[in-house]
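Asker: Numbering (the numbering used here), first residue to last: 73 to 268.
#1: Leaving aside the five residues before and after residue 225 along the sequence, list all residues of the same chain whose C-beta is less than 8 Å from its C-beta, in chain order.
#2: Within 10 Å of its beta-carbon, does residue 245 have 16 or more other beta-carbons around it, so buried, or fewer, so exposed?
#3: Do the segment 163-177 and the segment 106-121 meet, that is, are 3 or more Cβ pairs less than 8 Å apart?
#4: Okay, do the segment 129-144 and the segment 106-113 touch, 3+ Cβ pairs below 8 Å being the bar?
#5: Check each candidate in 209, 179 and 100 and name the one with the smallest Cα separation from residue 262.
#6: Got a sec, what are the start and stop residues for the alpha helix (DSSP H) residue 152 sits in?
#7: To the nearest angstrom, how far is it from the Cα of residue 126 to the Cα of residue 104?
#8: Where does residue 230 fall in DSSP's three states?
#9: Taking DSSP as the reference, what is the three-state secondary structure of residue 243?
#10: Quick check on the DSSP output: the alpha helix (DSSP H) that includes residue 221 runs from which residue to which?
#11: In terms of residue numbering, what span does the alpha helix (DSSP H) encompassing residue 124 cover?
#12: Would residue 115 pass as a contact of residue 88 if the rule is Cβ separation under 8 Å?
#13: Among the residues of its own chain, which have a CB less than 8 Å from the CB of residue 221, if the five just before and after it don't count?
#14: Answer with buried or exposed for residue 231, where buried requires no fewer than 16 other C-beta atoms within 10 angstroms of its C-beta.
#15: Buried or exposed for residue 234, please, with buried defined as at least 16 other CB atoms from any protein chain shown within 10 angstroms of its CB.
#16: Quick check on residue 148: buried or exposed, where buried means 16 or more other Cβ atoms within 10 Å of its Cβ?
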């Protein structure tokens, strides 16, 4: 009957390479993972800190990377990446870059929201003054129209009647109302100095 090999002792675990430690960690050996953690934590933190330059975020992302290594230990493939350290540093770099992108996206959303929230303060006095000036200009321009043009425009624009309804009220043909409105609008445009 062949002898079964038990988990390595603490002293044996200390002497193992990271490539062996990760295989043992993938099998659930916590001592092997603890040793692997000691081996990887410094270089992983250095890689993350070089990208983030923020001690608090570097600590957080380092812990996320080391947890991911524990969870993904079975995925380590020595045929693709010969060294565990290279694999771990690749994960660390990706996580740190993801954090930078996430932070930038968050800042962009905040900036956009701040721009959308900014509103020019409403100036009642200024708006009222402009309204009075505009009203006076329109009244002055309306006075330059013929009585028939003014009446047709008032019925169609200010009273909301259709040209047919205005024609019925005035007792004239629809075409006559349309012509009066058209000619009157040209005169109003010219009087107000509006572009054609």
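All C-beta atoms, glycine included, are put in the ideal place defined by N, C-alpha and C.
Answerer: Working from what's here:
#1: For this step, residue 225 is matched to residue 153 along the chain shown. These residues qualify, in order along the chain: 214, 217, 252, 253, 256, 257 and 260.
#2: As a working mapping, residue 245 is identified with position 173 in the chain shown. Flag for residue 245 reads exposed.
#3: yes
#4: Taking a contact to require three or more Cβ pairs closer than 8 Å, the segment 129-144 and the segment 106-113 qualify as touching.
#5: As a working mapping, residue 262 is identified with position 190 in the chain shown. The option with the nearest alpha carbon to residue 262 is 209.
#6: Walking along the chain shown from the start, residue 152 turns up at place 80. Looking at the DSSP string, residue 152 is not in any alpha helix (DSSP H), and its letter there is neither H nor E.
#7: The sequence position of residue 126 within the chain shown is 54, counting from 1. The sequence position of residue 104 within the chain shown is 32, counting from 1. Using only the alpha carbons, I get a separation of about 30 Å.
#8: In the chain shown, counting from the first residue as 1, residue 230 sits at position 158. In this structure, DSSP gives residue 230 a helical state, which the three-state scheme calls helix.
#9: Position 171 of the chain shown, counted from the first residue, corresponds to residue 243. Three-state DSSP puts residue 243 in coil, outside helix and strand.
#10: Taking the chain shown and counting its residues from 1, one reaches residue 221 at position 149. That run of the alpha helix (DSSP H) goes 219-225.
#11: What you label residue 124 is simply residue 52 of the chain shown in a count that begins at 1. Looking at the DSSP string, the run of the alpha helix (DSSP H) that includes residue 124 is 102-124.
#12: Sequence index remark: in the chain shown, residue 115 carries index 43 (1-based). Sequence index remark: in the chain shown, residue 88 carries index 16 (1-based). Contact: no.
#13: Here residue 221 is taken as the residue at index 149 of the chain shown, counted from 1. Excluding positions up to five away in sequence, the list reads 252, 253, 255, 256 and 259.
#14: Counted from its first residue, the chain shown places residue 231 at position 159. So residue 231 ends up on the exposed side.
#15: If you number the chain shown from 1, residue 234 lands on position 162. Burial call: exposed.
#16: Here residue 148 corresponds to residue number 76 of the chain shown, with the count starting at 1. Answer is buried; the Cβ neighbour count reaches 16.
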